[in-house]
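Protein chains in written order, with my numbering: chain A, 1 to 112; chain B, 1 to 115.
The beta carbon of each residue, even a glycine, is placed where N, CA and C say it ideally should be.
In this text, all values refer to a predicted model and were calculated from it rather than measured experimentally.
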């Protein structure tokens, strides 16, 4: 697996605004995944983007992947209070069934 | 309902005691994983299993042991050799244990406190 490093570490925005968080990784990946964790809970899978994809959408989520820069971004549009959570990324190689390696995450706070 | 369950939600133990955390899934997934999370940190991989009767060490396996006798069960034992066992433990599963990576499904976690 490939560790992702999320940036910023924390982000606070007003409800209704868009939130963007970034992820960088070090070596080649087959795909990159984003997860959300609400306080004290397990992680929930949000989206998986493959190395041959540049952009992917799922509801209010938009993920981009730039393999030349080894980076990805997660955009949450029209944020809601329920989006308050920590967000983690993890890249995987083709034989990626050996577990995911996560960074410290971006802690997103949506102010009402 | 399909899903992955962990029990108990909170666990308190005295130092020097072994403790076993339960993880069960009814998703018919081949692969299962154990992670540890410390406050303000990401998850670190303890052990993973790609198929029944087989498991591999992750990044921080020292002081832990696992078994995978059944497809749906992957218990984790925190032994007295683990120097800092107090943490939040998360179990996960995914469809396949080999080949391309798939999304992982996480349980609700067990918060272990050792005093």
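Item, Value
"Distance between residue 32 of chain A and residue 112 of chain A (C-alpha atoms, nearest Å)", "31 Å"
"contact_flag[the segment 67-87 of chain B, the segment 1-17 of chain A] where n(CB pairs < 8 Å) is 3 or more", "no"
"Members of the segment 55-86 of chain B near chain A, C-beta cut-off 8 Å", "56, 58, 59"
"Residues near residue 105 of chain B by beta carbon distance below 8 Å, same chain, minus five either side", "3, 4, 25, 27, 29, 92, 93, 94"
"Residue 58 of chain B versus residue 47 of chain B: straight-line alpha-carbon distance, rounded", "5 Å"
"Residue 31 of chain B, DSSP secondary structure in three states", "strand"
"Same chain, Cβ closer than 7 Å to residue 70 of chain A, five either side skipped, listed in chain order", "24, 25, 26"
"C-beta neighbour in chain A for residue 33 of chain B, strict 8 Å", "yes"
"Burial state of residue 102 of chain A, where buried means 16 or more other Cβ atoms lie within 10 Å", "buried"
"Residue 119 of chain B: contacting residues in chain A (beta-carbon distance under 7 Å)", "For chain B, the structure presents residues 1 to 115; residue 119 of chain B sits outside this window and is missing."
"For residue 81 of chain A, the three-state DSSP class (helix, strand or coil)", "helix"
"Cβ neighbours of residue 13 of chain B in the same chain (closer than 6 Å, five flanking residues each side left out)", "19, 114"
"Residues within the segment 14-41 of chain B neighbouring chain A, beta-carbon criterion of under 8 Å", "31, 33, 35, 40, 41"
"Contacting residues, own chain, Cβ-Cβ under 8 Å from residue 79 of chain B (five flanking each side not counted)", "18, 63, 64, 65"
"Within 7 Å of chain B by C-beta, residues of the segment 62-88 of chain A in sequence order", "88"
"Same chain, Cβ closer than 6 Å to residue 116 of chain B, neighbours up to 5 away in sequence not counted", "Absent from the model: residue 116 of chain B. The displayed extent of chain B is 1 to 115, so no value can be given."
"Beta carbon proximity, residue 42 of chain A to chain B, threshold 8 Å", "yes"
"Residue ranges of each beta strand (DSSP E) within the segment 3-48 of chain A, 3 or longer", "5-7, 10-14, 19-24, 31-37"
"As assigned by DSSP and simplified to three states, the class of residue 61 of chain A", "strand"
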